Amino acid sequence: MRTFVKWAARVVLSVAVLLVLVAVFLINRGGKIMATPVDVELAALDIPADSASIAHGEYLSRILACQECHQSGLEGALMVDAPPFRVVATNLTRVAEDYSSEDWDRAIRYGMAADGRSLLIMPSDLFNNVSDSEIEDLIAYLQTLEPAGEELPHTELKPLGKLIAGTGAPLAISHEIGKWGPRPEMPDFGPTAEFGKYRIKTICVACHGADLEGTQPPDPASPLGPSLASVRGWDLEGFVTTLRTGVTPGGKELDPYYMPWRAFANMTDEEMEAVYKGIMEW
């Protein structure tokens, strides 16, 4: 009996040591994966300085929901503090002075910080669809930000998060760049289905899916994004009212944490009509 107990204890100890070694390996591997910059070919941007372009950039910062995570003054905030990671939405006013146009483009459309770190819960798969001309306007606005608010810590990938990344789980959207399709051309602005489809690719598909039939949003803690099939039964007035008030024609109140209708409420009537028509023809 004693021999069996000793043998069993050795087996348990051996398994425990093996698991620790595997965990250490995965943690180291995950840390390296997340710290390794992804090679991307950045567009040659020409950042405008005129007031109209800057105003459009400020408008984009609202309708693209930048202010949902980075707050209304873009001063940043702690978003998640969980066992795998601490996610901090950067205080953009504190980096505006040091960020080049390439740094902004890399962060917004490719999900990487200026130092090469992969950004977590940054919907760059959506923003990669933003045209060069619109990203130029957005950057033009961001470059005007004056320092405000407090310095915030960086996002931190904790050992559990590194272990998860080490298994190959796609924690960083920048590691999915190779799966993204070509960036769509931005059509002329107007209340058309063509422009609406362009805008849908920049604000809707991450949560509602490429076919608008629903999908898991980038945040794994979020509930499934629903299909927009029911929206096709709404009229334009009901659609606009939903995005302006957060209440559907059926009386359902939308949770602004998961459905950022407050950001979309900033869209002009023309742009809302375009998105509505785009959904109808999707």
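Under the numbering used here, the letters of the sequence shown match residues 1 to 282, in that order. Don't be surprised by glycine CBs; every beta carbon is placed ideally from N, CA and C. The structure presented is a predicted model; accordingly, all values stated were derived computationally and were not measured.
For residue j and residue i, the rounded distance between their alpha carbons
i	j	result
THR241	CYS207	20 angstroms
PRO187	ALA148	36 angstroms
GLY190	LEU26	50 angstroms
LEU109	ASN129	With the sequence shown as reference, residue 109 is identified as Arg, and Leu is not the correct amino acid for it. Each residue's Cα considered, the two are about 8 angstroms apart.
VAL5	ILE164	34 angstroms
VAL87	ARG2	51 angstroms
SER174	GLY238	37 angstroms
GLY168	ALA140	36 angstroms
CYS69	PRO153	15 angstroms
SER14	THR202	51 angstroms
LEU74	GLN67	6 angstroms
ASP103	ILE47	13 angstroms
ALA114	ALA107	7 angstroms
CYS204	GLU213	11 angstroms
LYS32	GLU253	43 angstroms
ASP219	PHE127	16 angstroms
ASP81	PRO159	13 angstroms
ARG62	LEU92	14 angstroms
ALA210	ASN28	34 angstroms
ALA274	SER222	27 angstroms
MET272	TRP234	13 angstroms
PRO226	ALA9	50 angstroms
Exposure of residue i, with buried meaning 16 or more beta-carbon neighbours within 10 Å
i	result
GLN216	exposed
TYR198	buried
SER118	buried
SER124	buried
TRP7	exposed
LEU224	exposed
VAL231	buried
GLU156	exposed
LEU19	exposed
TYR166	It is worth fixing the name first, because residue 166 is Gly in this sequence and not Tyr. Buried: at least 16 other Cβ atoms inside 10 Å.
THR90	buried
SER101	buried
LEU21	exposed
Contacting residues, own chain, Cβ-Cβ under 8 angstroms from residue i (five flanking each side not counted)
i	result
THR36	GLY116
ASP105	LEU42, ALA43, LEU45, ILE135, ILE139
SER133	MET186
VAL247	THR241, GLU253, LEU254
ASN266	TYR59, ARG62, ILE63
Close beta carbons around residue i, own chain, < 6 angstroms, minus the five adjacent residues each side
i	result
ALA65	PRO260, ALA263
ALA193	LYS277, GLY278, GLU281
GLY161	PRO84, PHE85
LEU138	GLY57, LEU60
LEU78	VAL88
SER53	ASP137, ALA140
GLU270	PRO191
Close beta carbons around residue i, own chain, < 7 angstroms, minus the five adjacent residues each side
i	result
PRO184	ASN129, TYR198, LYS201
PRO170	GLU176
GLY111	SER118, LEU119, MET122, SER124, ALA172, ILE173, SER174
TRP180	ASP125, ASN128
Short CB-CB distance (under 8 angstroms) between residue i and chain C
i	result
GLU271	This model lacks chain C altogether, as it is built from one protein chain only.
Near the ligand ZN: residue i beta-carbon under 7 angstroms from a heavy atom
i	result
PRO37	Ligands are entirely absent from the displayed structure, and the ligand ZN is therefore not among its contents.
Which whole runs of the beta strand (DSSP E) in the segment 210-280 are 3 residues long or more, in chain order?
Qualifying beta strand (DSSP E) stretches: none in this window.
For the segment 95-102 and the segment 136-156, state whether three or more C-beta atom pairs, one from each stretch, are separated by less than 8 angstroms.
yes
Go through the segment 128-201 residue by residue and report every complete run of the alpha helix (DSSP H) that reaches 4 residues or more, in order.
132-142, 159-166
Ranges of the alpha helix (DSSP H) found wholly within the segment 30-114, counting only runs of at least 4
As for any alpha helix (DSSP H) of minimum length 4 sitting wholly inside the segment 30-114, the runs are 51-63, 66-70, 92-95, 101-110, ordered along the chain.
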